[in-house]
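Q:
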Amino acid sequence: MDGRTRILIRGGKVVNEDLSFMSDVYIENGKIADIGRNLKVPAGAQIIDATNMLVMPGGIDTHTHMELAFMGTKAVDDFYIGTKAALAGGTTMIMDFVIPQKGTSLLEAYDRWRSTADPKVCCDYSLHVAVTWWGEQVKREMATLAAEQGVNSFKMFMAYKDVFMLSDQELYSAFSQCKEVGAIAQVHAENGDLIAEGAKKMLALGITGPEGHEMCRPEAVEAEATQRAVTIAHAVNCPLYVVHVMSKSAAKVVSNARRDGRVVFGEPIAAGLGTDGTHCWHKDWAHAARFVMGPPLRPDPSTPGYLMDLLANDDLSVTGTDNCTFSVCQKALGKDDFTKIPNGVNGVEDRMSVIWEKGVHSGKMDENRYVAVTSSNAAKIFNFYPQKGRIATGSDADVLVWDPNSTRTISASTHHQAVDYNIFEGMVCHGVPVVTISRGKVVYERGELTVKAGAGRFVPRPPFSEFVYKRVRQREQVCQPTAVVREPYRGKVISL
Ligand code: URP
Ligand code: ZN
Ligand code: ZN
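If you're matching positions, the sequence shown starts at 1 in the UniProt record's numbering and goes up one per residue.
What follows is the structure, given as structure tokens:
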């Protein structure tokens, strides 16, 4: 043998976002080398029997916060544990967020994130960068990140007043620069001023528990900010991506904007699709606190099903997790004041199963739409398709062998994450990852992980994603406002 890694996945059904077909898949040296029936491959190739299984692109989680320092503490899933758990659940790439403090350099923060993540990641990853303040330096650094560092998405916060929040004027400037450099503007859409006032009101009423977190920022607070972001993005002809769409009201705003022809994408997350905010009213404080995140999981129990309907029908486009995990003792920083509970939930390991169960097993979407919302749409929007998000010759060998008929029960006692609970505890999911292949190597097989810290690579993403920018460019050319040509006014003008 010549040291190449060779794998033949035999007898499965290949599922892409546009079609499914019975085929073998041959992998050599990190890439998909051939696809077809009864493939003849070199002796010594590792054989994986995929009879009765689906062979899909590995999942792409568009939204994680590994080891994020946040609200006085640090998320417990680091880049090693978090990506290991991702692989165990069938996700082969994560997209994390660089979040610089106000007034500090985006480039330095990006370098810091890279040097933290590079030696630890077990799967491929990429980075969005947050814009938490505005100035000439930020504008310049956004251009450098897009042109030289493979960053084509910037997240702007409309919440977390005095910490990360931008004003409308700053959003306008940041969105304009996104369009200039060919990036996608992402927003955390909640009205930060209303949240600050609402929180004071709840505390004054003696509501200090986790339920106060949702009560101070009801659906309208999310929907208003979402609409505002859509309006500002439209004003500057900038593509918009709304991260963690958590409520029916906000989802309707995204959906209406798409129907109005706006270049807008909505990202529901596993937590919002798989569970709801009624847990925050639980009598046990620790149980309730586990579900605190922003925007909040909604107490309306019809929310997850509604978000899934919109996801199935392309009103919403992709799925992430917002995996940002704090153990109960960290959540307890807010035991007497909900505003101090570190915001965040788990999801990176369970997203693929939760979406299969609630989306495909329920009959809302088919297996092809499942691939679209778990990997290929993300790869298209963020401009690394078909390198990832497709089973095709020449694509990266990030492949998932999936058993749609088996079930597994989600539990903190068996998950691979560092956090000491699981918000999906006890959920029985049809759809089980059997084998996960990352960069052409089997890293997970029937419960066994074989991962290596640092084995994953950073995936640079070029600007001006065709999937997003074709329409933007065309509009720029044909939709410029024009003045009416008229004779100058020659009549009287009053003197002041
Ligand atoms: O609760 C959340 N979402 N924590 C992570 C930070 C963010 O806003 O995405
Ligand atoms: Zn956010
Ligand atoms: Zn987030």
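The beta carbon of each residue, even a glycine, is placed where N, CA and C say it ideally should be.
Taking Q480 as the reference, which of L194, Q101, N237, V41 has the closest Cα?
A: In the sequence shown, the residue the question calls residue 480 occupies position 480. Cα-wise, what sits closest to Q480 is N237.
Q: Extract the residue ranges of the alpha helix (DSSP H) inside the region 119-181, only unbroken runs of 4 or more that lie entirely within it.
A: Entirely contained in the region 119-181, the alpha helix (DSSP H) runs reaching 4 residues are, in chain order, 136-148, 168-181.
Q: Taking the beta strand (DSSP E) that F97 falls in, what are its first and last residues?
A: Start at 1 with the first residue of the sequence shown, and residue 97 comes out as number 97. Its beta strand (DSSP E) spans residues 91-98.
Q: Buried or exposed, going by whether 16 or more other CB atoms sit within 10 Å of the CB of I47?
A: Start at 1 with the first residue of the sequence shown, and residue 47 comes out as number 47. That one is exposed.
Q: Measure the alpha-carbon distance for F97 versus K40 and round it to whole angstroms.
A: On the sequence shown, residue 97 is found 97 positions in, with the first residue counted as 1. On the sequence shown, residue 40 is found 40 positions in, with the first residue counted as 1. Near 43 angstroms, if we compare the C-alpha coordinates of K40 and F97.
Q: Select from S255, N256, T319, F326 the residue whose C-alpha is nearest the C-alpha of R290.
A: Along the sequence shown, one-based indexing puts residue 290 at 290. With distances taken between Cα atoms, R290 lies closest to F326.
Q: I'd like to know if the region 324-341 and the region 405-414 are in contact, where contact means that at least 3 CB-CB pairs between them fall below 8 angstroms.
A: No: the two stretches stay apart, fewer than three of their Cβ pairs being nearer than 8 angstroms.
Q: Below 7 angstroms, is the gap between the Cβ of V98 and the nearest heavy atom of ligand 2?
A: Taking the sequence shown and counting its residues from 1, one reaches residue 98 at position 98. For ligand 2, not one heavy atom lies less than 7 angstroms from the Cβ of V98.
Q: Leaving out five residues before and five after K380 in sequence, what residues of the same chain have Cβ atoms less than 6 angstroms from its Cβ?
A: In the sequence shown, the residue the question calls residue 380 occupies position 380. Answer for K380: F467, listed in chain order.
Q: May I ask whether a heavy atom of ligand 2 can be found less than 7 angstroms away from the beta carbon of I14?
A: Position 14 of the sequence shown, counted from the first residue, corresponds to residue 14. Checking the displayed sequence, the identity of residue 14 turns out to be Val instead of Ile. No, Cβ of V14 sits at least 7 angstroms from all heavy atoms of ligand 2.
Q: Between G30 and the rest of its own chain, which residues show a CB-CB distance below 6 angstroms, the 5 nearest in sequence each way excluded?
A: The count along the sequence shown starts at 1 and reaches residue 30 at position 30. Excluding positions up to five away in sequence, the list reads A397, R439, G440.
Q: Jot down the residue ranges of each uninterrupted alpha helix (DSSP H) in the region 246-313, minimum 4 residues, whole runs only, in chain order.
A: Within the region 246-313, the complete alpha helix (DSSP H) runs of at least 4 residues are 248-259, 270-274, 285-290, 303-312.
Q: Go ahead and pull the three-state DSSP assignment for K340.
A: By 1-based counting over the sequence shown, the position of residue 340 is 340. Of the three classes helix, strand and coil, the one that applies to K340 here is helix, per DSSP.
Q: How far does the alpha helix (DSSP H) with T208 in it reach, from first residue to last?
A: Counting from one through the sequence shown, the residue named residue 208 turns up at place 208. Neither: T208 is in no alpha helix (DSSP H) and is coded neither H nor E.
Q: Which class does N405 belong to by DSSP, given the choice of helix, strand or coil?
A: Here residue 405 is taken as the residue at index 405 of the sequence shown, counted from 1. Of the three classes helix, strand and coil, the one that applies to N405 here is strand, per DSSP.
Q: When burial is assigned at 16 or more other CB atoms within 10 Å of the CB, is G135 buried or exposed?
A: Numbered from 1 along the sequence shown, position 135 holds the residue referred to as residue 135. By the neighbour-count rule (16 or more Cβ atoms within 10 Å), G135 is not buried but exposed.
Q: So which residues put a beta carbon under 6 angstroms from any heavy atom of ligand 2, going in chain order?
A: Every residue passing the under-6 angstroms Cβ criterion appears here: H188, V243, H244.
Q: Taking Cβ to Cβ, would you say A147 is nearer than 8 angstroms to P100?
A: Within the sequence shown, numbered from 1, the residue matching residue 147 stands at position 147. Within the sequence shown, numbered from 1, the residue matching residue 100 stands at position 100. The answer is no: Cβ separation not under 8 angstroms.
Q: What span of residues does the beta strand (DSSP E) with E445 cover, start to end?
A: As a first step, residue 445 must be located in the sequence shown, where it is residue number 445. Taken as a continuous stretch (DSSP letters only), the beta strand (DSSP E) holding E445 covers 441-445.
Q: Taking 7 angstroms as the line, does the beta carbon of G294 fall inside it for any heavy atom of ligand 1?
A: Mapped onto the sequence shown, residue 294 falls at position 294. Yes, ligand 1 has a heavy atom inside 7 angstroms of this Cβ.
Q: Using alpha carbons as the reference points, say which of C123, A85, V243, K200 lies closest to F154.
A: Counting from 1 along the sequence shown, the entry for residue 154 is found at position 154. Ranking the options by Cα distance to F154, first place goes to V243.
Q: On a Cα-Cα basis, can you pick out the residue from D124, V230, T92 that is closest to M158?
A: Your numbering for residue 158 matches position 158 in the sequence shown. Of the listed residues, the one whose Cα sits closest to M158 is V230.
Q: Does the Cβ of L205 have 16 or more other Cβ atoms within 10 Å, making it buried, or fewer, making it exposed?
A: As a first step, residue 205 must be located in the sequence shown, where it is residue number 205. So L205 counts as exposed.
Q: What residue ranges within the region 366-441 form continuous alpha helix (DSSP H) runs of no fewer than 4 residues, ordered along the chain?
A: You should have 367-371, 377-381.
Q: Specify, as a first and last residue, the run of the beta strand (DSSP E) that E28 falls within.
A: As a first step, residue 28 is located in the sequence shown; it is residue number 28 there, counting from the start. E28 -> beta strand (DSSP E) spans 20-28.
Q: Going straight from the alpha carbon of H188 to that of V245, what length do you get?
A: Residue mapping note: residue 188 aligns to position 188 of the sequence shown, counting from 1. Residue mapping note: residue 245 aligns to position 245 of the sequence shown, counting from 1. Approximately 9 angstroms, taken between the alpha carbons.
Q: Report yes or no: do the region 331-347 and the region 367-374 share at least 3 C-beta pairs separated by less than 8 angstroms?
A: They do not touch, by the three-pair rule.
Q: Distance check for L310 and H282, CA to CA, integer angstroms please.
A: Numbered from its first residue, the sequence shown carries residue 282 at position 282. Numbered from its first residue, the sequence shown carries residue 310 at position 310. Their Cα atoms are separated by approximately 28 angstroms.
Q: May I ask you to report which of helix, strand or coil DSSP gives A33?
A: Against the sequence shown, residue 33 aligns to sequence position 33. Note: A33 maps to strand in three-state DSSP.
Q: Once you ignore the five residues that flank L54 on each side, which residues in its own chain have a CB closer than 7 angstroms to its CB?
A: For the purposes of this step, residue 54 is identified with residue 54 of the sequence shown, where counting begins at 1. These residues qualify, in order along the chain: G12, K13, V15, E367, W402, P404.
Q: Grab me the residues of G182's own chain with a C-beta within less than 7 angstroms of its C-beta, minus the 5 sequence neighbours each way, in chain order.
A: Counted from its first residue, the sequence shown places residue 182 at position 182. Excluding residues within five positions, the ones whose Cβ falls inside 7 angstroms are A146, N152, P463, F464, Y469.
Q: Leaving out five residues on either side along the sequence, give the residues of the same chain with a beta carbon under 7 angstroms from the beta carbon of W133.
A: One-based indexing of the sequence shown puts residue 133 at position 133. Within the same chain, W133 has close Cβ partners K102, G103.
Q: What are the partner residues of F70, as DSSP defines its beta bridges?
A: Position 70 of the sequence shown, counting from 1, holds the residue named residue 70. Per DSSP, T73.
Q: In chain order, what residues of the same chain lie with their CB nearer than 7 angstroms to the CB of N377, ignoring the 5 residues before and after it?
A: If you number the sequence shown from 1, residue 377 lands on position 377. Answer for N377: S317, V318, listed in chain order.
Q: How long is the line joining the alpha carbons of G44 and L8, rounded to whole angstroms?
A: Taking the first residue of the sequence shown as position 1, residue 44 is located at position 44. Taking the first residue of the sequence shown as position 1, residue 8 is located at position 8. Cα to Cα, the separation comes out at about 10 angstroms.
Q: Rounded to whole angstroms, what's the CA-CA distance from N346 to I423? Just pull it up for me.
A: Your numbering for residue 346 matches position 346 in the sequence shown. Your numbering for residue 423 matches position 423 in the sequence shown. In a straight line, the C-alpha of N346 is about 7 angstroms away from that of I423.
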